[in-house]
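Enquirer: When we follow UniProt numbering, the leftmost residue of the sequence shown carries the number 1, and every step to the right adds one.
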Amino acid sequence: MGRFSKDIAKSYRAAGISDRTAELINLRVSQINGCAYCLDLHARKALEAGETLQRNTLLRTWDECGGLFTEEECAALAIAEAATDLPNPEERIAAVASARLVLSDEQVAAIQWIAIAMNAFNRISILSRHPVKERELS
1 MGRFSKDIAK SYRAAGISDR TAELINLRVS QINGCAYCLD LHARKALEAG
51 ETLQRNTLLR TWDECGGLFT EEECAALAIA EAATDLPNPE ERIAAVASAR
101 LVLSDEQVAA IQWIAIAMNA FNRISILSRH PVKERELS
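1) Classify alanine 97: buried if its beta carbon has 16 or more other beta carbons within 10 angstroms, exposed otherwise.
2) So for phenylalanine 69, helix, strand or coil by DSSP?
3) Since I believe leucine 77 is in contact with arginine 28 (beta carbons under 8 Å), could you give me their beta-carbon distance rounded to a whole number of angstroms?
4) Looking only at C-alpha atoms, which of Leu24, Gly66, Ala75, Glu72 sits nearest to threonine 52?
5) Would you tell me roughly how many angstroms separate the C-alpha atoms of serine 104 and glycine 16, rounded to the nearest one?
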């Protein structure tokens, strides 16, 4: 998984997606899937990438937070949710079409890959019952 994660990171960085945005995507996908291990890991990684505790906390309600998230981040989160929930085809098409108004095709593809990979990692962690360790907030 480590090599695959590095390849995805190289790809999204080349498309102009920041580590901070990638971690928001990872965290949101993990929230939807209910993967405790990945929630713990990516909440910390998001903070390390410059994310704020407030935005991490409010991520579940990103679409209700006014200007707290940028237009590009909102587009990325909408794609991530569509890739995770797999709503009806019209909703998926609309989410991607809206995202393309603010993101390049390369960025949309990179965000889709981040979400697809995180969905796979969530399932591996859930099925493997990866343990969550108690940690101090840092």
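Backbone N, C-alpha and C define an ideal beta-carbon position, used for all residues, glycine too.
Expert: In short:
1) exposed
2) In this structure, phenylalanine 69 counts as coil in the three-state DSSP scheme.
3) Confirmed, Cβ separation roughly 6 Å.
4) Leu24
5) 9 Å
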